[in-house]
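Novice:
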Amino acid sequence: MPKALIFDCFGVLVEPSLGYLKSLAETTEQSQQVSDFNLQADLGYISRQTLLENLSQVLDIPADEVWAIMQQRRLKMPKTIDFLLSKKANGSKIGLLSNVAQDTLETIFPKDELDAMFDEMILSYDTHLVKPDPKIYLLMADKLGVDPSRCVMIDDAVENITGAKSSGMQGVVFKDVDQLESDLSKLGF
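Residue 588 in our numbering sits at position 97 of the sequence shown; the count goes up by one each step and never skips.
#1: Unbroken alpha helix (DSSP H) runs of length 4 or more, entirely within the stretch 579-621: which are they?
#2: For Met568, name the three-state secondary structure that DSSP assigns.
#3: For the alpha helix (DSSP H) that contains Val649, what are its first and last residues?
#4: To the nearest angstrom, report how far apart Arg565 and Val668 are at their CA atoms.
#5: Quick test of your reading: Lys567 and Val505, contact by CB under 8 Å. State the CB separation rounded to the nearest angstrom.
#6: Between the C-alpha atoms of Gly662 and Gln548, what's the straight-line distance to the nearest angstrom?
#7: Would you call Glu611 buried or exposed, if buried means 16 or more other Cβ atoms sit within 10 Å of its Cβ?
#8: Between Gly510, Asn529 and Leu496, which has its C-alpha nearest Val621's C-alpha?
#9: When you compare only the Cα positions, how much space is there between Thr598 and Arg641?
#10: Could you name each continuous alpha helix (DSSP H) segment of 4 residues or more that falls completely within the stretch 520-577, going from the start of the chain to the end?
#11: Is DSSP giving Leu496 helix, strand or coil here?
#12: Give the straight-line distance between the Cα atoms of Lys494 and Phe665, rounded to the nearest whole angstrom.
#13: Please return the same chain residues whose Cβ sits closer than 8 Å to the Cβ of Ser615, not counting the five positions on each side in sequence.
#14: So what does Gly662 bridge to, in DSSP terms?
#15: Express the C-alpha separation of Thr653 and Gln540 in angstroms, rounding to a whole number.
#16: Where do the N-terminal and C-terminal ends of the alpha helix (DSSP H) with Gly510 fall, by residue?
#17: Starting from Pro639, trace the alpha helix (DSSP H) both ways and give me its first and last residue.
#18: Gln593: which of Ser538, Pro507 and Cys500 sits nearest, CA to CA?
#19: Under 8 Å by Cβ, that's how I've got Asp646 and Val503 pegged, so tell me the actual separation to the nearest angstrom.
#20: Measuring straight from C-alpha to C-alpha, what distance separates Asp573 and Ala607?
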């Protein structure tokens with residue numbers, strides 16, 4: 492029976508902004524540059540400020556406007572957060588595993604809220620690893636003190652669930668809370 496739930500942030504707990512930023516690109520090449528710069532920030536190779544400056548150049552939008560767009564699009568998903576908190580209250584270990592740039596998560600969740608929600612967190616910029624690399628899932632299981640086979644990764648991206656499964660975890664591709672509850676029930680959670 493599973494013992495730990497590991498949540499992705501963007502697309503599961505918070506509405507993502509990357510897709511919208513990519514839609515502002517005028518060419519396929521610019522859209523790819525948006526993705527590439529985001530990945531560099533997620534890996535911790537560039538700062539949030541450098542990310543904003545690079546996106547500003549690619550999209551021809553001032554950096555402060557890029558940041559404002561990102562903040563406006565990053566809305567918390569309260570039903571998922573309530574679900575997470577109910578599972579934690581029932582004794583499940585809860586982890587956060589997110590591909591995220593430095594100094595980003597703190598602009599969405601205050602520290603005390605993060606501490607209340609998660610037993611452990613792994614943020615990609617700290618590890619220089621991103622999902623779906625199997626190593627990042629194994630780090631999360633180790634940090635939680637739970638065998639990977641007893642962990643369930645919850646992510647909106649199929650490739651990230653594939654990565655979790657290759658590390659020995661179970662996984663649920665997130666669509667909404669009702670579907671999540673149903674899928675977890677099938678896994679015995």
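Cβ coordinates follow ideal geometry from the N, Cα and C atoms, glycine included.
Specialist: In short:
#1: 602-608 and 615-618
#2: As a first step, residue 568 is located in the sequence shown; it is residue number 77 there, counting from the start. In the structure shown, Met568 sits in coil (DSSP, three-state: anything other than H, G, I, E or B).
#3: On the sequence shown, position 158 is the one that residue 649 refers to. Val649 to Ser657 is the extent of the alpha helix (DSSP H) around Val649.
#4: Within the sequence shown, residue 565 is the residue found at index 74, counting from 1. Within the sequence shown, residue 668 is the residue found at index 177, counting from 1. Arg565 and Val668: Cα-Cα distance of roughly 18 Å.
#5: The count along the sequence shown starts at 1 and reaches residue 567 at position 76. The count along the sequence shown starts at 1 and reaches residue 505 at position 14. That belief holds up - the Cβ atoms of Lys567 and Val505 are roughly 6 Å apart, short of 8 Å.
#6: Mapped onto the sequence shown, residue 662 falls at position 171. Mapped onto the sequence shown, residue 548 falls at position 57. Approximately 38 Å, taken between the alpha carbons.
#7: In the sequence shown, the residue the question calls residue 611 occupies position 120. So Glu611 counts as buried.
#8: The residue you call residue 621 lines up with position 130 of the sequence shown. Cα-wise, what sits closest to Val621 is Asn529.
#9: Walking along the sequence shown from the start, residue 598 turns up at place 107. Walking along the sequence shown from the start, residue 641 turns up at place 150. Approximately 31 Å between the Cα atoms of the pair.
#10: 539-550 and 554-564
#11: Locating residue 496 in the sequence shown gives position 5, where the first residue counts as 1. Leu496 falls in the strand class under three-state DSSP.
#12: Counted from its first residue, the sequence shown places residue 494 at position 3. Counted from its first residue, the sequence shown places residue 665 at position 174. So the two alpha carbons sit approximately 18 Å from each other.
#13: Residue numbering aside, residue 615 sits at position 124 when the sequence shown is read from its first letter. So the qualifying residues of the chain are Asp533, Leu534, Gly535, Ser589, Asn590, Val591, Val621, Lys622 and Ile627.
#14: Looking up residue 662 in the sequence shown gives position 171. Paired residues: Met644.
#15: As a working note, residue 540 is residue 49 in the sequence shown. As a working note, residue 653 is residue 162 in the sequence shown. Rounded to the nearest angstrom, the two C-alpha atoms are 32 Å apart.
#16: Start at 1 with the first residue of the sequence shown, and residue 510 comes out as number 19. Per DSSP, Gly510 belongs to the alpha helix (DSSP H) from Leu509 to Ser514.
#17: For this step, residue 639 is matched to residue 148 along the sequence shown. Neither: Pro639 is in no alpha helix (DSSP H) and is coded neither H nor E.
#18: By 1-based counting over the sequence shown, the position of residue 593 is 102. The option with the nearest alpha carbon to Gln593 is Ser538.
#19: Here residue 646 corresponds to residue number 155 of the sequence shown, with the count starting at 1. Here residue 503 corresponds to residue number 12 of the sequence shown, with the count starting at 1. Indeed they touch by this definition, with Cβ atoms about 6 Å apart.
#20: Walking along the sequence shown from the start, residue 573 turns up at place 82. Walking along the sequence shown from the start, residue 607 turns up at place 116. Whole-angstrom Cα-Cα distance: 12 Å.
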